[in-house]
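Colleague: Below you'll find the structure I mean.
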Amino acid sequence: MKTRPPTSTTMAFPPASAGPNAVRAYISDVLITKHDTTSDFAQEAASHSQLGRPNDLHHASAKYFRGVFGDDIGL
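For the sequence shown, position 17 matches number 16 in numbering that gives the first Met the number 0, and the numbering has no gaps at all.
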């Protein structure tokens, strides 16, 4: 994955037609901008996501996020 700083355009929730890469990019951007993580950490954490579509992300539970990302960033 390329390292890139998040922007207001990348923070938009991915459109319904977006694929897994867009979902991972969104998760990475949220971790960087909302949780002040490094880009490397955010990309590594986002790479563990198995969510395929934005709808899956929208309906994922807090339990899912804790399981994938751990208690520190899963909430």
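C-beta atoms are modelled at their ideal positions from N, C-alpha and C, and glycine is treated no differently.
1. Grouping DSSP H, G and I as helix and E and B as strand, with all else coil, what is Leu50?
2. Am I right that Pro19 and Leu50 are in contact with their C-beta atoms under 8 Å? What's the rounded C-beta distance?
3. Kindly indicate the opening and closing residues of the alpha helix (DSSP H) around Phe40.
4. Contact defined as beta carbons within less than 8 Å: I believe Ala17 pairs with Leu30. What is the distance between those atoms, to the nearest angstrom?
5. Please state whether the Cβ-Cβ distance between Ala41 and Ser27 is less than 8 Å.
Modeller: This is what the structure holds:
1. Counting from 1 along the sequence shown, the entry for residue 50 is found at position 51. Looking at Leu50 - three-state DSSP - the assignment turns out to be coil, as it is neither helix nor strand.
2. Here residue 19 refers to the residue found at position 20 when the sequence shown is read from its first residue. Here residue 50 refers to the residue found at position 51 when the sequence shown is read from its first residue. Between Leu50 and Pro19 the Cβ distance is about 7 Å, and since that is below 8 Å, they are a contact.
3. To locate residue 40, count along the sequence shown from 1; it is residue 41. 38-45 is the span of the alpha helix (DSSP H), which, as asked, contains Phe40.
4. Looking up residue 17 in the sequence shown gives position 18. Looking up residue 30 in the sequence shown gives position 31. Going by Cβ atoms, the distance from Ala17 to Leu30 rounds to 18 Å, so no, they are not a contact pair.
5. Along the sequence shown, read from residue 1 onward, the residue named residue 41 stands at position 42. Along the sequence shown, read from residue 1 onward, the residue named residue 27 stands at position 28. Yes, these two residues count as a Cβ contact at 8 Å.
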